[in-house]
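In my numbering, the protein residues as written are 24 to 227.
Scroll down for the structure; my scribbles are underneath it.
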Amino acid sequence: MPETKETPWYIVRRSDIHNKGIFARKDIPDDTRIIEYVGERISKAESQRRADRLIEKSKKTGCAAVYIFELNKRTDIDGAMTWNPARLINHSCDPNCEAYIIRGKVWIYSLRKIAKGEELTYNYGFDLEHWTEHPCLCGSDNCVGFIADKKHWKKLRTILDGLKASRAAAQAIEAKTSTEPHPDVRHAHPKRTRKKPAAKKAKR
Ligand SMILES: [Zn+2]
Numbered sequence: 024m025p026e027t028k029e030t031p032w033y034i035v036r037r038s039d040i041h042n043k044g045i046f047a048r049k050d051i052p053d054d055t056r057i058i059e060y061v062g063e064r065i066s067k068a069e070s071q072r073r074a075d076r077l078i079e080k081s082k083k084t085g086c087a088a089v090y091i092f093e094l095n096k097r098t099d100i101d102g103a104m105t106w107n108p109a110r111l112i113n114h115s116c117d118p119n120c121e122a123y124i125i126r127g128k129v130w131i132y133s134l135r136k137i138a139k140g141e142e143l144t145y146n147y148g149f150d151l152e153h154w155t156e157h158p159c160l161c162g163s164d165n166c167v168g169f170i171a172d173k174k175h176w177k178k179l180r181t182i183l184d185g186l187k188a189s190r191a192a193a194q195a196i197e198a199k200t201s202t203e204p205h206p207d208v209r210h211a212h213p214k215r216t217r218k219k220p221a222a223k224k225a226k227r
């Protein structure tokens, strides 16, 4: 049966990683354009204002979601709108999707075949600026413990090893990640402007 164009690849459900997540409604082939990360296009200055405001709020309430996606050097996308279900895609250290910027739009693509019912995830690509505020709960075997771009993992592991060497510091990390409510900050300044490799895979 031909697939109806209107049927999306995903559904929204409660996630074990964090709040709600996006799940495969049906089997998704490798390298499939699944969903666009949409939102309001804003300047860097406006982006900074909104992020600062939300981070301030999160310090008071322990909860404020920032869904700002870095599009290019001048523009960010604020995707904190209900009409942007892609905002609910969780981070994973072993993701099955990747976010690519293609002609000024952000698209979430599958990185492999995804079975019906699997949660969709991608690496948020955070830098190490505020890594302690973003503990990772992805549960992957290779989880580095915090949300960070893979290119920072080596450095992050070195930092974590150094901290573990100090018992006091280790206890501080424990307190930070297990008892203190951490702000629900998802897309705070993701330093990602990744382009989809043009000839990544031949179309089957
Ligand atoms: Zn993880």
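Ideal Cβ placement from N, Cα and C applies to all residues, glycine included.
Beta-carbon proximity of residue i to residue j, cut-off 8 Å
i	j	result
Cys161	Thr181	no
Ala47	Ile137	yes
Lys139	Glu59	no
Cys146	Pro108	The sequence shown places Asn at residue 146, rather than the Cys named in the question. Against a cut-off of 8 Å, the Cβ pair of Pro108 and Asn146 comes out as no contact.
Ile45	Ile100	no
Ile57	Cys120	yes
Leu179	Ala171	yes
Gly62	Ala122	no
Tyr90	Arg72	no
Between the CA atoms of residue j and residue i - distance to the nearest angstrom
i	j	result
Asp54	Lys43	24 Å
Arg76	Asp50	40 Å
Ala88	Arg190	32 Å
Lys96	Lys67	8 Å
Tyr132	Asp150	21 Å
Phe92	Leu183	27 Å
Lys174	Thr30	35 Å
Ser81	Ala74	10 Å
Pro206	Glu156	Residue placement at Pro206 is flagged as unreliable, the pLDDT there being 47, under the threshold of 50; a coordinate-derived value is accordingly withheld.
Arg135	Glu141	12 Å
Val167	Cys159	8 Å
Val35	Gln194	36 Å
Arg64	Trp130	15 Å
Any non-hydrogen atom of ligand 1 within 7 Å of residue i CB
i	result
Ser115	yes
Val89	no
Ser163	yes
Cys120	no
Simplified DSSP assignment, three categories, for residue i
i	result
Thr144	strand
Gly185	helix
Ile57	strand
Arg36	strand
Lys49	coil
Pro31	coil
Check: residue i C-beta below 7 Å from any heavy atom of ligand 2
i	result
Cys166	In the structure shown, ligand 2 is absent; the only ligands present are ligand 1.
Proximity test, Cβ basis, 8 Å: residue i and chain C
i	result
Ser70	Chain labels in this structure do not include chain C; a single protein chain is all it has.
Problem set entry | Every unbroken alpha helix (DSSP H) within the region 63-113, with a cutoff of 4 residues, ordered by chain | Within the region 63-113, the complete alpha helix (DSSP H) segments at least 4 residues long are 67-84, listed from N- to C-terminus.
For this session: Ignoring anything shorter than 3 residues or poking outside the region 119-175, list the beta strand (DSSP E) runs there in chain order.
Result: Listed in chain order, the complete beta strand (DSSP E) runs (minimum 3 residues) inside the region 119-175 are 120-125 and 128-133.
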